[in-house]
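**Student:** If you count by our numbering, then the sequence shown holds residues 115 to 762, one letter each, in order.
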Amino acid sequence: MQPVNSTPKRGHPLDESGGSISNGRGLRKYPRRGIDNNSHKHSHNVQPEINLQTQQPSSSMSSDVRQHQEINQDNTNRKRISFNQLKHAVSSNLPCFFIEFTSDADRNSIPTALHASDLILKELQTNGVLINRFTLVGWAGKKLKLGVNNKEDYATLVSSDKWPTKINGIDIVVVKPKYIPDSFTLVVRYVPRELDENFASNEIQRTIASADRIKRIHYSYQRRTDDYRFEVKDYREYNAVLQLRRIAIGHSWLSITKFYPGNRLTYCTKCWRIGHLRNKCSSESKCRICLESLNVNTPHMCKNVPKCAQCDGDHHSLDSQCQVLKEYKDQLKEDVEDAIQKGLLQRFSPQEKAPTFERREQDFPPLAASDNHSNKKWNTALPRTTVESNDLRASYTDKTIESINDNLTKLIDSNKRLENKVDLVSSSIKTVTLDIQLHQAVLADTINIMKDFMQYVIPASLTASKVERSSPIDEAMHRLKTWNFAPKDQKLVLSLLDEWYTGRTLNTVLEQWGNVGIAPSQTQKEHIKILCYNVEGWGTRALEAIDLVYQIQASIGIFTEVGELWNMSRLPHFNTDNEKQKSLFYGMDATEKKIFTLINHHRQQYGLPSLEPSINLAYVARTHAVDVVENNPDVCGGNMHSWGNKGK
Numbered sequence: 115m116q117p118v119n120s121t122p123k124r125g126h127p128l129d130e131s132g133g134s135i136s137n138g139r140g141l142r143k144y145p146r147r148g149i150d151n152n153s154h155k156h157s158h159n160v161q162p163e164i165n166l167q168t169q170q171p172s173s174s175m176s177s178d179v180r181q182h183q184e185i186n187q188d189n190t191n192r193k194r195i196s197f198n199q200l201k202h203a204v205s206s207n208l209p210c211f212f213i214e215f216t217s218d219a220d221r222n223s224i225p226t227a228l229h230a231s232d233l234i235l236k237e238l239q240t241n242g243v244l245i246n247r248f249t250l251v252g253w254a255g256k257k258l259k260l261g262v263n264n265k266e267d268y269a270t271l272v273s274s275d276k277w278p279t280k281i282n283g284i285d286i287v288v289v290k291p292k293y294i295p296d297s298f299t300l301v302v303r304y305v306p307r308e309l310d311e312n313f314a315s316n317e318i319q320r321t322i323a324s325a326d327r328i329k330r331i332h333y334s335y336q337r338r339t340d341d342y343r344f345e346v347k348d349y350r351e352y353n354a355v356l357q358l359r360r361i362a363i364g365h366s367w368l369s370i371t372k373f374y375p376g377n378r379l380t381y382c383t384k385c386w387r388i389g390h391l392r393n394k395c396s397s398e399s400k401c402r403i404c405l406e407s408l409n410v411n412t413p414h415m416c417k418n419v420p421k422c423a424q425c426d427g428d429h430h431s432l433d434s435q436c437q438v439l440k441e442y443k444d445q446l447k448e449d450v451e452d453a454i455q456k457g458l459l460q461r462f463s464p465q466e467k468a469p470t471f472e473r474r475e476q477d478f479p480p481l482a483a484s485d486n487h488s489n490k491k492w493n494t495a496l497p498r499t500t501v502e503s504n505d506l507r508a509s510y511t512d513k514t515i516e517s518i519n520d521n522l523t524k525l526i527d528s529n530k531r532l533e534n535k536v537d538l539v540s541s542s543i544k545t546v547t548l549d550i551q552l553h554q555a556v557l558a559d560t561i562n563i564m565k566d567f568m569q570y571v572i573p574a575s576l577t578a579s580k581v582e583r584s585s586p587i588d589e590a591m592h593r594l595k596t597w598n599f600a601p602k603d604q605k606l607v608l609s610l611l612d613e614w615y616t617g618r619t620l621n622t623v624l625e626q627w628g629n630v631g632i633a634p635s636q637t638q639k640e641h642i643k644i645l646c647y648n649v650e651g652w653g654t655r656a657l658e659a660i661d662l663v664y665q666i667q668a669s670i671g672i673f674t675e676v677g678e679l680w681n682m683s684r685l686p687h688f689n690t691d692n693e694k695q696k697s698l699f700y701g702m703d704a705t706e707k708k709i710f711t712l713i714n715h716h717r718q719q720y721g722l723p724s725l726e727p728s729i730n731l732a733y734v735a736r737t738h739a740v741d742v743v744e745n746n747p748d749v750c751g752g753n754m755h756s757w758g759n760k761g762k
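#1: Is it buried or exposed, Gly283, if we count other Cβ atoms within 10 angstroms and call 16 or more buried?
#2: How many Å lie between Lys292 and Ala362 at the Cα?
#3: Take Leu594 and list the residues in its own chain whose beta-carbon comes closer than 7 Å to its own, dropping the five residues that flank it on each side.
#4: To which residues of the same chain is Ile713 closer than 8 Å at the C-beta, ignoring the five residues directly before and after it?
#5: Just the C-alpha distance for Val288 and Ala219, rounded to the nearest angstrom, thanks.
#6: Rounded to the nearest angstrom, what separates Arg194 and Ile328 at their Cα positions?
#7: Classify Gly252: buried if its beta carbon has 16 or more other beta carbons within 10 angstroms, exposed otherwise.
#8: Unbroken alpha helix (DSSP H) runs of length 4 or more, entirely within the region 196–276: which are they?
#9: Which two residues bound the contiguous alpha helix (DSSP H) that contains Phe313?
#10: What are the boundary residues of the alpha helix (DSSP H) that Pro586 is part of?
#11: Can you have a look at Ser223 and say buried or exposed, based on whether 16 or more other CB atoms are within 10 angstroms of its CB?
#12: Take Val556 as the anchor and find which of Ala323, Asp428 and Ile670 has the nearest alpha-carbon.
#13: Comparing alpha-carbon positions, which option in Val305, Lys400 and Met564 lies nearest Asp340?
#14: Taking one C-beta from the region 398–406 and one from the region 367–374 each time, how about it: are there three or more such pairs within less than 8 Å?
#15: Do you know whose CA, among Ile660, Arg247, Thr226 and Glu345, lies nearest Lys256's CA?
#16: Evaluate Tyr349 with the Cβ neighbour count: other Cβ atoms within 10 Å of its Cβ, from every protein chain shown; 16 or more gives buried, anything less gives exposed.
#17: Below 8 Å on the Cβ atoms is my guess for Phe211 versus Leu271; work out the distance and round it to an integer in Å.
#18: Express the C-alpha separation of Lys394 and Cys385 in angstroms, rounding to a whole number.
#19: Could you compute how far the alpha carbon of Lys440 sits from the alpha carbon of Ala453?
#20: From which residue to which residue does the alpha helix (DSSP H) around Lys372 run?
#21: Can you have a look at Leu358 and say buried or exposed, based on whether 16 or more other CB atoms are within 10 angstroms of its CB?
#22: Any contact of the region 194–205 with the region 435–450, i.e. 3+ C-beta pairs under 8 Å?
#23: Quick check: the region 260–280 against the region 312–331, are there 3 or more CB pairs under 8 Å?
#24: For Arg717, is the classification buried or exposed, using 16 other Cβ atoms within 10 angstroms of its Cβ as the cut-off for buried?
#25: I think Leu260 touches Leu250, with their Cβ atoms under 8 Å apart; what is that distance to the nearest whole Å?
#26: How big is the Cα-Cα spacing for Asp566 and Ala558?
#27: Are the beta-carbon atoms of Val302 and Tyr268 separated by less than 8 Å?
#28: Start and end of the beta strand (DSSP E) containing Ala423?
#29: Helix, strand or coil, according to DSSP, for Lys417 in the structure here?
#30: For a test of your reading of the model: does the CB of Asp232 fall under 7 Å from any non-hydrogen atom of the ligand COA? Yes or no.
#31: Would you call the CB atoms of Leu309 and Phe344 closer than 8 Å?
#32: Excluding sequence positions up to five away, which residues of its chain have a Cβ less than 6 Å from the Cβ of Trp367?
#33: Considering just the uninterrupted stretch of the alpha helix (DSSP H) at Leu358, what are its terminal residues?
#34: In or out: Cys422 buried (at least 16 other Cβ within 10 Å) or exposed?
#35: Among Leu611, Leu458 and Ser273, which has the Cα closest to the Cα of Leu200?
#36: Measuring only the C-alpha atoms, how far is Lys155 from Lys347?
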């Protein structure tokens, strides 16, 4: 289990440089168990053995064996790096916050480190800054040192301006870190070399507003692409970019990863030599560039001529080109890997967020009363359930119920639409049924009228005496003679007229129909079409009306013409202020009122009772036509009219 605190355990408070503060107690009573002790023993035990082997070499020993022994001897004689430097190399602590008290404050009134940290934490939480407890609390000289190992808490404290200004009435000054740690550093991978460094930096800042110190990483070997590292001040942007995992630069979609720093070097910022920290240095302060001594009373004028504190070369003391520094890095890397492999060291990194405790049901099973004399084994494999799995099951159940509700809602809507369609079909069927009944009544009356016409009118015209009616042939021949037609032409017309009025002519066919009589037939229900149309100018548009009948294949055509009676003075006026007429014609426009009044006027001429007002003028017209045919058979044929809606 990984510990919560990623900071290596120290026996003493830390100073500003990250090293331990010497308390002046001298060396430890017992030697540290670790690499130093083991290496010391190993160096004392192995060295005599190698010396004995070198003093009595065998004559049969080859040159390869001698070379191998020399390498082992060099590695054994090599001075190993101290364990403190190895711990410093793998540590990745977040920078600490320092609390400075005023110089005139009474030292006795200053609270202890733990009490002061609790007061500061309480004040921050009161001001709305929600963080966990401080994981590092101690003194660095006269300053109170506070630290956290959570990146989110660190980013919150750095960006907050709600730190307290007093503790127990004592004025304090909060000193925040002046640099961004490597744990907030990201790397853009595989940037094409043809892209300019300034262009890449601008593109990164366009995407990440808090990106700072964008630099190209220099490798010791040749690469086709470049990598850029940069620091992100805003923790939200840091997490957002890591979740995206890619960033656009130019027309390239490049991957972005965390920056993994190498081993930290142990060097002094006082004399600029490697191997120790500032608090362990006994030398005087020197300039970082020229290594000249610095005096507090005398201002230093640097010559800007670099000089190395390791090899006295003409380069900076921490330049990567320094041979001594290269050997130190190689040795440090080897010792760190060896210590990690042996389990003496472990790399820690600041946590993204402290993991929450999850109690599993089977982690603490109840203990049953067991018999000490029986050898029972607890080997039952029980399923491990977690809070997360329960949440997943609950969410899955909620989603299933929500899906079922959606399906039920859709089914109910579909049923409602289906019911509406069924209602429409039912109403349509009722309307069609009423129309069929009306058509059957009209057709029955029409058939009776035609039967009477064929029984009485046609036989009477066929049996009339030939004396009463003049012969068409004689009359035609008389007119031909009067008009002085040639005899040849008269014979031709006579032959045609004889053929027309003799043999299978219309007269003989009608006579045969009269002799046959009425034959019984089965009743068959058929749908008939009735055309109700108002024709303006009936005298000149009769052919158009007949053509319309043929186009729609109507069984019965009822045509009206209201233009002649429209403005007759004997018709009642439609705009009179008669309350009775207003109630009768409620819901009808002026044209419909006129048509309905004309229909009642026409019925009065035939002695028929007036009809009640109705918005369905087609129904009124059909009723009027049936009444006229039933009560006045003499109006049948070409003069039979009815009334319908204009243009319908």
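C-beta atoms are modelled at their ideal positions from N, C-alpha and C, and glycine is treated no differently.
**Tutor:** Once the coordinates are examined:
#1: On the sequence shown, residue 283 is found 169 positions in, with the first residue counted as 1. The residue in question, Gly283, is exposed, as its Cβ has fewer than 16 Cβ neighbours within 10 Å.
#2: Along the sequence shown, one-based indexing puts residue 292 at 178. Along the sequence shown, one-based indexing puts residue 362 at 248. Rounded to the nearest angstrom, the two C-alpha atoms are 30 Å apart.
#3: Here residue 594 refers to the residue found at position 480 when the sequence shown is read from its first residue. Listed in chain order, the non-local C-beta contacts of Leu594 below 7 Å within the same chain comprise Gln604 and Val607, local neighbours out to five positions each way being set aside.
#4: Position 599 of the sequence shown, counted from the first residue, corresponds to residue 713. So the qualifying residues of the chain are Leu725, Val734, Ala735, His738 and Trp757.
#5: Counting from one through the sequence shown, the residue named residue 288 turns up at place 174. Counting from one through the sequence shown, the residue named residue 219 turns up at place 105. Distance between the alpha carbons of Val288 and Ala219: 16 Å.
#6: Counting from 1 along the sequence shown, the entry for residue 194 is found at position 80. Counting from 1 along the sequence shown, the entry for residue 328 is found at position 214. So the alpha carbons of these two residues sit roughly 36 Å apart.
#7: Taking the sequence shown and counting its residues from 1, one reaches residue 252 at position 138. By the neighbour-count rule (16 or more Cβ atoms within 10 Å), Gly252 is buried.
#8: Runs of the alpha helix (DSSP H) inside the region 196–276: 197–204, 227–240 and 265–273.
#9: In the sequence shown, residue 313 corresponds to position 199, counting from 1. Per DSSP, Phe313 belongs to the alpha helix (DSSP H) from Glu311 to Thr321.
#10: Indexing the sequence shown from 1 puts residue 586 at position 472. It spans Pro586 to Thr596 - the alpha helix (DSSP H) in which Pro586 sits, taken as one unbroken run.
#11: Position 109 of the sequence shown, counted from the start, is the residue given in the question as residue 223. Counting Cβ neighbours within 10 Å, Ser223 comes out exposed, since fewer than 16 surround it.
#12: As a working note, residue 556 is residue 442 in the sequence shown. Of Ala323, Asp428 and Ile670, the residue nearest in Cα terms is Ile670.
#13: Position 226 of the sequence shown, counted from the first residue, corresponds to residue 340. Minimum Cα distance to Asp340 is reached at Val305.
#14: no
#15: Numbered from its first residue, the sequence shown carries residue 256 at position 142. Answer by Cα proximity: Thr226.
#16: For the purposes of this step, residue 349 is taken as residue 235 along the sequence shown, with counting starting at 1. Label assigned to Tyr349: buried.
#17: As a working mapping, residue 211 is identified with position 97 in the sequence shown. As a working mapping, residue 271 is identified with position 157 in the sequence shown. Indeed, because the Cβ distance is near 6 Å, the residues count as touching under 8 Å.
#18: As a first step, residue 385 is located in the sequence shown; it is residue number 271 there, counting from the start. As a first step, residue 394 is located in the sequence shown; it is residue number 280 there, counting from the start. So the two alpha carbons sit approximately 11 Å from each other.
#19: For the purposes of this step, residue 440 is taken as the residue at position 326 of the sequence shown. For the purposes of this step, residue 453 is taken as the residue at position 339 of the sequence shown. Distance between the alpha carbons of Lys440 and Ala453: 20 Å.
#20: The residue given as residue 372 occupies position 258 in the sequence shown. Per DSSP, Lys372 belongs to no alpha helix (DSSP H); it is in the beta strand (DSSP E), Ser366 to Lys372.
#21: By one-based count along the sequence shown, residue 358 stands at place 244. Per the 10 Å Cβ criterion, exposed.
#22: yes
#23: As far as the Cβ criterion goes, the region 260–280 does not touch the region 312–331, which means the pair count is below three.
#24: Indexing the sequence shown from 1 puts residue 717 at position 603. It counts as buried.
#25: Mapped onto the sequence shown, residue 260 falls at position 146. Mapped onto the sequence shown, residue 250 falls at position 136. Beta-carbon to beta-carbon, Leu260 and Leu250 are separated by about 7 Å, close enough to satisfy the 8 Å threshold.
#26: Counting from one through the sequence shown, the residue named residue 566 turns up at place 452. Counting from one through the sequence shown, the residue named residue 558 turns up at place 444. Their backbone Cα atoms lie some 12 Å apart in a straight line.
#27: Stepping through the sequence shown from its first residue, residue 302 is reached at position 188. Stepping through the sequence shown from its first residue, residue 268 is reached at position 154. Cβ atoms of Val302 and Tyr268: not closer than 8 Å.
#28: If you number the sequence shown from 1, residue 423 lands on position 309. It is not in any beta strand (DSSP E) - Ala423 carries neither H nor E in the DSSP assignment.
#29: Locating residue 417 in the sequence shown gives position 303, where the first residue counts as 1. Judged by DSSP in its simplified three-state form, Lys417 adopts coil rather than helix or strand.
#30: As presented, the structure is devoid of all ligands, the ligand COA included, so that no description of it is given.
#31: What you label residue 309 is simply residue 195 of the sequence shown in a count that begins at 1. What you label residue 344 is simply residue 230 of the sequence shown in a count that begins at 1. In this structure, Phe344 does not lie closer than 8 Å to Leu309 by Cβ.
#32: Locating residue 367 in the sequence shown gives position 253, counting from the first residue. Around Trp367: Arg360.
#33: Walking along the sequence shown from the start, residue 358 turns up at place 244. It spans Tyr349 to Leu358 - the alpha helix (DSSP H) in which Leu358 sits, taken as one unbroken run.
#34: Locating residue 422 in the sequence shown gives position 308, counting from the first residue. It counts as buried.
#35: The residue you call residue 200 lines up with position 86 of the sequence shown. Closest by alpha carbon: Leu458.
#36: Your numbering for residue 155 matches position 41 in the sequence shown. Your numbering for residue 347 matches position 233 in the sequence shown. Any reading at Lys155 must be qualified, since the residue scores a pLDDT of 39, below 50, and its modelled position is unreliable; the value itself is stated next. Those two C-alpha atoms are separated by around 48 Å.
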